[in-house]
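Peer 1:
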Amino acid sequence: MFYRLQRRSNYSSSGTGWLIREDILVTAGHCIFNQGLGLVRSIKAYIGYKGKDSLEGETSVESRHDYRVATPADWVERRSRSKDFAFVRLAGRFDNVKSIKYEDTLDTLQEELCIVGYPGDKEQNGEKGARMWVGSGIVGYEMSMESDALLKYAT
């Protein structure tokens, strides 16, 4: 899932997230509310996005606009890292998608994980975050060793 955010008339950014239902997107709270920039004003979410050139005549790209957003008060007021998430209800459902099923996080893990997203530090034809990237590798963690019980990644 790729989306564009409009904060002010002269500022926009992009982000990534995943669907938990055909019309509900989960993303980072800092994408929805930023201390310096305030609350996001509009969101346009895409499935099948492969850069702005893919929007012209491409029938496999779908888009939906936001309807409502929610993020925890602890993120807005205190920037609590464990509350850095948000839900976006879209104005319509995406067609032909399968939502990601929730599963409890294991206490320990040592196996291959695959991460897919639109990282803002990667470019395609001068457009940051325009291309879906995939990374995989053996990952190990023990949740009891993390002070804030969050998974972290390193580049």
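With numbering that gives the first Met the number 0 as the guide, the letters of the sequence shown map in order to residues 0 to 154.
Each residue gets a CB set at the ideal place from its N, CA and C atoms; glycine is no exception.
1. Going along the chain, which residues of its own chain have a beta-carbon closer than 7 Å to the beta-carbon of Leu54, five neighbours each way excluded?
2. Using CA coordinates, which residue listed in Lys82, Ile46, Val68 and Ser81 is at the minimum distance from Arg130?
3. DSSP state of Ala201, grouped into three classes?
4. Less than 7 Å between C-beta atoms, sequence neighbours within five positions excluded: which residues of the same chain meet that for Leu108?
5. Quick one: using the 10 Å Cβ neighbour count with 16 as the cut-off for buried, is Pro48 buried or exposed?
6. Is Gly28 closer than 8 Å to Asn124 when the C-beta atoms are compared?
7. Would you decide whether Leu18 is buried or exposed? Buried here means 16 or more other CB atoms lie within 10 Å of its CB.
8. Would you be able to state if there are at least three C-beta pairs under 8 Å between the region 65-78 and the region 87-107?
9. How would you write the range of the alpha helix (DSSP H) that Gly28 sits in, first residue to last?
10. Which word fits Ala72, buried or exposed, when buried means at least 16 other C-beta atoms lie within 10 angstroms of its C-beta?
11. So Ser13 packs on Tyr101, CB below 8 Å; how close in whole Å?
Peer 2: According to the structure shown:
1. Residues of the same chain with a CB within less than 7 Å of the CB of Leu54, apart from the 5 flanking positions on each side, are Val60 in chain order.
2. Selection Lys82, Ile46, Val68 and Ser81 evaluated against Arg130 yields Ile46 as nearest (Cα-Cα).
3. The chain is shown only over 0 to 154; residue 201 falls outside these bounds and no answer can be derived.
4. Same-chain partners within the cutoff: Val138, Gly139 and Tyr140.
5. For the sequence presented, residue 48 should be read as Tyr rather than Pro. Its Cβ being crowded by 16 or more others within 10 Å, Tyr48 is buried.
6. At least 8 Å separates the beta-carbon of Asn124 from that of Gly28.
7. Within 10 angstroms of the beta-carbon of Leu18 lie 16 or more other beta-carbons, which makes it buried.
8. Put simply, the region 87-107 touches the region 65-78. At least three CB pairs are less than 8 Å apart.
9. Bounds of the alpha helix (DSSP H) holding Gly28 are Gly28 to Ile31.
10. Flag for Ala72 reads exposed.
11. Their Cβ separation, rounded to whole angstroms, is 25 Å, which puts Ser13 and Tyr101 out of contact at 8 Å.
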